[in-house]
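*Asks:* Take 34 as the starting number for the sequence shown in this note's numbering and just add one per residue. Where a beta carbon is used, it is the ideal one built from N, C-alpha and C, also for glycine. One structure follows; several queries about it will come next.
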Amino acid sequence: MRDMQAIADRFEIEALRGELTDAAMMRDYDRVVSLFTPEGAIRWPHIDKEFVGREEIRAGIEWGQGLWEFFVQHVHPGIIQLDGDIAAGRAYIQEFGRMRDGSSHLNYAVYHDRYQRTPGGWKFSERVYEVRYLDATPLAGSPPHTAPEPHRS
């Protein structure tokens with residue numbers, strides 16, 4: 034039974050990571066914060082920003098997304114280490130887009146995560162973003178002039 038619980042926990046944590054990426058890409062800030070514990074934190078040391086608690090996380094994510102003209106994030110699964118009702122993990126990130134100030138942005142990064150089992154399922158208790166590569170070369174492409182409305186489920 035213990036092995037089945039570990040499989041279920043890993044599956045739920047992977048789904049949590051996927052849902053957070055989807056919520057951020059769809060700019061669904063309420064859903065983003067619902068995926069964190071009430072005292073959870075997001076830390077972006079590369080720009081000296083830290084958001085602790087759901088209210089600050091929502092404001093921080095909304096502020097950050099507001100800087101982008103367009104933004105795409107690709108997440109690649111990394112390790113998950115379980116320890117009872119807590120876990121730690123990493124996710125590997127590629128992001129690109131253009132900022133509203135006209136600058137371009139491409140980076141490769143790592144999220145260092147901590148998770149907590151709650152009555153509502155696994156939640157993030159901390160996400161720390163570590164940029165490993167940054168390229169500000171102007172992007173050659175652009176988004177379509179008429180972007181379709183996102184499909185919300």
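In angstroms with no decimal places, state the Cα-to-Cα distance between residue 97 and residue 75.
*Replies:* In a straight line, the C-alpha of residue 97 is about 12 angstroms away from that of residue 75.
*Asks:* Terminal residues of the continuous beta strand (DSSP E) containing residue 112?
*Replies:* That run of the beta strand (DSSP E) goes 101-116.
*Asks:* Any idea what DSSP makes of residue 68, helix, strand or coil?
*Replies:* Coil at residue 68, not helix or strand.
*Asks:* Could you check whether residue 141 and residue 125 sit closer than 9 angstroms to each other, using their CB atoms as the reference points?
*Replies:* Contact: yes.
*Asks:* Is residue 121 helix, strand or coil when you go by DSSP?
*Replies:* If DSSP states are grouped into helix, strand and coil, residue 121 belongs with the strands.
*Asks:* Starting from residue 133, trace the beta strand (DSSP E) in both directions and tell me its first and last residue.
*Replies:* Premise fails: residue 133 is in no beta strand (DSSP E) and is neither H nor E.
*Asks:* Identify which residue in 49, 39, 37, 36 has its Cα closest to the Cα of residue 154.
*Replies:* Measuring from the Cα of residue 154, the nearest candidate turns out to be 49.
*Asks:* Assuming residue 161 and residue 145 make a contact with CB atoms under 8 angstroms, what is their CB distance in whole Å?
*Replies:* Between residue 145 and residue 161 the Cβ distance is about 4 angstroms, and since that is below 8 angstroms, they are a contact.
*Asks:* If we count the other Cβ atoms within 10 Å of its Cβ and call it buried at 16 or more, is residue 65 buried or exposed?
*Replies:* Classification for residue 65: buried.
*Asks:* Take residue 91 as the anchor and find which of 132, 122, 71 has the nearest alpha-carbon.
*Replies:* The option with the nearest alpha carbon to residue 91 is 71.
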